[in-house]
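Protein chains in written order, with the working numbering: chain U, 1 to 207; chain R, 1001 to 1380; chain G, 2001 to 2285; chain B, 3001 to 3211.
By construction, the Cβ of each residue, glycine as well, lies at the ideal position given by its N, Cα and C atoms.
All of these numbers come straight from a predicted model, not from anything done at the bench.
Working notes, beginning with the structure itself.
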Amino acid sequence: MKKNVPLAIVLVLGVLFAVQYFVPSRLSQRLYDTTLEWDIIISIPALAIAVDSLVRHHVVRIRQRRKGWGYSWVYLGAAAVMTAIGFSGGISEGGLFMNLFTFALAPMQSTMFAILAFYMTSAAYRAFRARSPEATVLLLSAFVVMLGLIPVGAALWRGLPGLSEWMMQVPNMASKRGITFGIGLGSAATILKIILGLERSWLGGSE
Amino acid sequence: MTRATGPIALALLLALAGPLGAAPAPPGDARAYDTPDDQGGSITVEWRLSPDDAGTRLAGYEVHRAAGDTGRFQPVGQVPRGNTAYNDGEAADGIDYRYRVAAVDADGAASAPAEAGPARAREQWFKAGKANVLVATALFVAMVLVFLERARRGRLFIRRLAGLDAVEEAVGRATEMGRPILYCLGIGLLDYISTLAALNILGQVARKTAEYGTPLVVPTCEPIVHTVAREVVKESYAAKGRPDLFSDDMVYFVTSDQMGYAAALSGIMARERPATNLFMGYYAAEALVLAESGAATGAIQIAGTDQITQLPFFITACDFTLMGEELYAASAYLSQEPLLVGTIKAQDFGKVLIILLVAVGSLAALAFRSDVFSGWFGIK
Amino acid sequence: MKFLIALSKIDRRVVYLLLALAVVVPMIVSFNVRFHVDRSTRDLFEAVDRIPPGGQPLMLVFDYDPQIMPELDPMATAILRHCFARGIRVVGVTTGAQGAALGERAMARAAAEHGKRIGEDYCYFGYKLFLSMIYFGENARRALPVDHYGRPFDSLPMMRGIRNYDDIPLVIDLAGSSILNSWIVYMGARYHVRLGAGVTAVMAPDFYQFLQTGQLAGQLSGMKGAAEYEQLVVERGYAPAKGLASRAMNAISASHLLLIALIVMGNVGYFAARRAKPKNPQGGA
Amino acid sequence: MTTNPWVWLAAILTLCIYTYLYKDNPFYKFAEHLFTGLAVGFTIALTWHNAVQPLIIQGIFRAHDWVLLVPLGLGLLFLARFVPKVGYLMLIPIAISLGASSGIGLPRSLEAHIVKQMQGTLLTPAMLQHPFDPYNGLVVGLLVLAGVVCTISYFFFSREHTGALRVSSRIGIWFVMIGFGASFGYTVMARLSLFISRMQFLMTDWIHIIK
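Structure representation (structure tokens):
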């Protein structure tokens, strides 16, 4: 019973908005715009659940003196300070809030991003082994493209940069397209199952 | 000599005549019509370029409008040279408008106007340009319904997915080693299909961990997904009769920052040393950060995503990867709901249909040398 | 044999250390590697080089943000050095809010190096709407009423006599997104602006078609393009030494080669291990 | 070396993150917790300024757009999660969001993933003019078509991969592997550029080794 109301809501809204796509009228457009705006407002309070969860998690760690509980203070402290500054001082350029963003948060974001250069190297070294025909194709194709992108490659064979680009544009595109068809059919089928109430993972349980 | 001077003089005269004040040549073939597939309130005016458009003399075109048969022409807008259309978004529905389009040069001199209209703006109730999408949608819905009905009547065959055995094995391995399983739902929102599939698989994995008493760790990245994931795990433990094993600490929110989440998971993997890492759902660049940090700890890793750009990295760094549609199929298969198998059949039928249509369309296009077929699939 | 097998079992930390060295060493120690210069780079260089010194200015558009700055900022620097060394005036502008500070920094730095004065040798208009830049084709003065520092258009000596794009011999858009498409469609097609481009390596293939059709006079692709341009600047004697892009490109080449070598070593070791196996079947998995 | 304390902060945090490559250690743990904590605070403050302020405070309380109370009320049902007996009420805002996005997604997904991709795969009469063009020729068109069909066949679930399906799915997975390898190789350059720019930051802005 408790789950029938949400299921009915999904059914009605799902059909309504699938039809809305094909109707350009004023009413239909307004319905769409309003829903997008409402959706933002609806999702705001969910942040409270997330904050509750993270505070609980770290408070428990600190109370039980679990391994590394000191870092939970760092986490909670950083979150509290950043929130407090954001509320009191405003978020304009040049303020303390934006400075913390520019000189603490952003550098760590881009460093995490840049760490990928290392991970690509170690992953390639470990995995690009000619264990099977498929693995060999994978490794050769990566090999050719990498060589084609640096000056040495062009010096070895002038056609290499062109070949590496062709591989990106032709075979790569063909395989992506094949996968995309499957994704399109699969996601449309899943959406339909949600609308029809057959896919219920979002209700919390599969019952 | 004398014979040659005549034409040269004439040419000079013609060349000078342009810049020296004469109005530019008018645009041609103007027409006005209700803008299609819209909510009304708009009329489109089209014309052919003025012959003077190619030079640098022309500034652009000015569009004037008059309401009804007797209204006075008022300027409504202008567009720079090189344009052949103007969208009048200020037209009231149901009123006849007439239009005039004139070419204007840099000094403001206008050509004789080209007339168009009358035209009337109307609100449409169907997007004619999306008819192909409507057909595709209707066809697909019908296919799914038919196969659902067939699934209800009897068992349909679906081949066993290699990835499913890998998931079960990985859960078993963690149990044997007495180490936790890390389940990562990605950074997507709840309404991403990959997130829903990941939640579905999480439910099945949680049932197994409840049964065997294997520790489970689910750090989340999105508030609403977090909320649902917590319920999914809680109910799975309840369903297996082990609500005592569930703790609030299993599913916890970390941060919604993409790279912050990756940093936190790297730390968790290094410290808690899970025996098995499952990465299911929507991923962006952090995919390889997660998979390589996990590989360094020696964990068995299984990934599944419909993000094609991240698949190459999961394939290289994980032990098994569910690619695109396989992720959805795995989630349907694991739930062991016979009806869900029906939709997989419908998807397969869709694939056959796509191949046939592309083949027939290509052959026809080549045989009749016509773009009609690709045109119909194309959307402006 | 043991040595060969060891090649496939290098510790990941050693791999990381090698990569760090492959990047950092070429950045500190400048190796003078000569690059093969792509035609699209050479075309852009020549298009700039043909602009008469001291006359109509080149327009440089900084349509990039901090995320793609590593690839595009070196292009801006190389082009600015070329222009200033040759005495070509430059108008700087951006249609992305995030590009404003980046463009300002790049221009001020290059101008200081060459002792160029704002208003006379170069101008910077900062962030302008794309619509303003379309309007520039109609009326430059009204499209850019004041520069980045609030000075009116008319008070800038080098802008006198600039009516619209007809007085700009070349516009170079340094872009990381589809905004370059808009420049080609609007400015290129409508105002017949002569357009050059600098784009990230990932985006470069999308724009090759415009080079073929001549809608782009030339194009720099990624760090490689910037490094090639730097090389041309040095070869023609406009600068004594190569700059950051060449160092970065050396670092990229070195690390690509390292990666390729690692893959080869891994496979050599893998096959060595496979061969060694049948000889002692008792040896572990 | 710079004397700007903010640059020092950025540089030290950058180095702290990189220490993880050696192994997990207190410096990394500190940076990681600081990172995630700051990010959460950043999200909360931005939500406040970009969503709560304009939509709720401005919209409802200043501009008296009372209709917005409806989505606000629905959103507040999320908080039912904290009240054990009525916890299920939070499914209502989830259902609204999910229902609307499902309906919105159905035709769009079919359009973007199926209809448009079919158009791109179809052979066109224009291909006959330059049959051997490496990008737009007929031969390449046929190659792409074959690649697409074989890749699709790899994802065919209704039959075991035996007989003809075995061959086509095998070719399909080869196409997939060429594509993945090429994408991998192509991405290396972009990631290296990011690392180079971090190094540039350290060596120019922080310790001024290179100019």
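Proximity test, Cβ basis, 8 Å: residue i and chain G
i: Arg-1081 of chain R; result: yes
i: Ala-1296 of chain R; result: yes
i: Val-3140 of chain B; result: no
i: Val-3144 of chain B; result: no
i: Pro-6 of chain U; result: no
i: Ile-40 of chain U; result: no
i: Ala-130 of chain U; result: yes
i: Met-1001 of chain R; result: Confidence in Met-1001 of chain R is poor, its pLDDT being 37 and thus under 50, which makes the residue's placement unreliable; the coordinate value appears in the next sentence. For Met-1001 of chain R, the answer is no, since every Cβ of chain G falls outside 8 Å of its Cβ.
i: Gln-64 of chain U; result: no
Identified DSSP bridge partners for residue i
i: Ile-183 of chain U; result: According to DSSP, which records beta bridges pairwise, Ile-183 of chain U is partnered with nothing at all.
i: Pro-1080 of chain R; result: R:Gly-1060
i: Phe-1320 of chain R; result: R:Ile-1302
i: Gln-1074 of chain R; result: R:Arg-1065
i: Gly-1241 of chain R; result: DSSP, once it has assigned bridges, lists no residue as partnering Gly-1241 of chain R.
i: Tyr-1097 of chain R; result: R:Ala-1067 and R:Ala-1119
i: Asp-1088 of chain R; result: R:Ile-1043
i: Ala-1346 of chain R; result: DSSP output for Ala-1346 of chain R lists no bridge partner at all.
i: Phe-1253 of chain R; result: R:Thr-1220
i: Gly-1028 of chain R; result: R:Arg-1048
i: Gly-2198 of chain G; result: G:Leu-2174 and G:Leu-2220
Short CB-CB distance (under 8 Å) between residue i and chain B
i: Val-10 of chain U; result: yes
i: Ala-2201 of chain G; result: yes
i: Val-2013 of chain G; result: Reading the sequence as shown, one finds Arg at residue 2013 of chain G and not Val. So, interface residue.
i: Ser-1256 of chain R; result: yes
Exposure of residue i, with buried meaning 16 or more beta-carbon neighbours within 10 Å
i: Gln-1310 of chain R; result: buried
i: Phe-113 of chain U; result: buried
i: Leu-3106 of chain B; result: buried
i: Pro-3054 of chain B; result: exposed
i: Pro-1223 of chain R; result: buried
i: Phe-181 of chain U; result: buried
i: Glu-3032 of chain B; result: buried
i: Ser-1247 of chain R; result: exposed
i: Ala-1131 of chain R; result: exposed
i: Tyr-1252 of chain R; result: buried
i: Glu-1286 of chain R; result: buried
i: Phe-3132 of chain B; result: exposed
i: Val-10 of chain U; result: buried
i: Ser-132 of chain U; result: exposed
i: Gly-1074 of chain R; result: The sequence given here has Gln at residue 1074 of chain R, not Gly. Exposed is the call here.
Presumed contact (8 Å Cβ cut-off) between residue i and residue j, rounded CB distance
i: Leu-1322 of chain R; j: Leu-1290 of chain R; result: Not really, about 15 Å apart at Cβ, beyond 8 Å.
i: Leu-2144 of chain G; j: Lys-2128 of chain G; result: 6 Å
i: Pro-45 of chain U; j: Leu-203 of chain U; result: Pro-45 of chain U to Leu-203 of chain U, Cβ: 19 Å. No contact.
i: Gln-1204 of chain R; j: Ser-1335 of chain R; result: 7 Å
i: Gly-2243 of chain G; j: Pro-2026 of chain G; result: About 13 Å separates the two Cβ atoms, so there is no contact after all.
CB contact check: residue i to chain R, cutoff 8 Å
i: Ala-2285 of chain G; result: Since pLDDT at Ala-2285 of chain G reaches only 34, below the 50 mark, its modelled position is unreliable, and no value is offered.
i: Val-15 of chain U; result: no
i: Phe-3035 of chain B; result: yes
i: Ser-201 of chain U; result: yes
i: Pro-2281 of chain G; result: Caution is warranted here: a pLDDT of 46 is assigned to Pro-2281 of chain G, below 50, making its placement in the model unreliable, and the coordinate value is therefore given only provisionally. Not an interface residue.
i: Met-120 of chain U; result: yes
Test: residue i CB closer than 8 Å to a CB of chain U
i: Tyr-2016 of chain G; result: yes
i: Tyr-3135 of chain B; result: yes
| Can you list, in chain order, the stretches of the beta strand (DSSP E) that have 3 or more residues and sit fully within the region 1266-1298 of chain R? | Those beta strand (DSSP E) runs which fall completely within the region 1266-1298 of chain R and span 3+ residues are 1276-1282.
| Residue ranges of each alpha helix (DSSP H) run of no fewer than 4 residues wholly in the region 2042-2129 of chain G, ordered along the chain? | With a minimum length of 4 residues, the continuous alpha helix (DSSP H) runs that stay inside the region 2042-2129 of chain G are 2069-2086 and 2099-2114.
| 4 or more residues per run - each alpha helix (DSSP H) lying fully within the region 1158-1199 of chain R | Taking only runs of at least 4 residues, the alpha helix (DSSP H) segments lying wholly in the region 1158-1199 of chain R are 1162-1177.
| query | Curious, which full-length alpha helix (DSSP H) runs of at least 4 residues does the region 69-138 of chain U contain? | reply | You should have 69-89, 96-100, 106-114 and 116-127.
| request: Scan the region 1118-1155 of chain R and note each continuous alpha helix (DSSP H) run of 4 residues or more that stays entirely inside, going in chain order. | output: If you keep only unbroken alpha helix (DSSP H) runs of at least 4 residues inside the region 1118-1155 of chain R, you get 1131-1153.
| said: Restricting to runs no shorter than 4 residues, where is the alpha helix (DSSP H) found entirely within the region 138-176 of chain U? | reply: Fully enclosed alpha helix (DSSP H) runs of 4 or longer: 151-156 and 160-169.
| request: Starting from the N-terminal side, write out each stretch of the beta strand (DSSP E) that is 3 residues or longer and does not extend beyond the region 2212-2275 of chain G. | output: Fully enclosed beta strand (DSSP E) runs of 3 or longer: 2219-2221.
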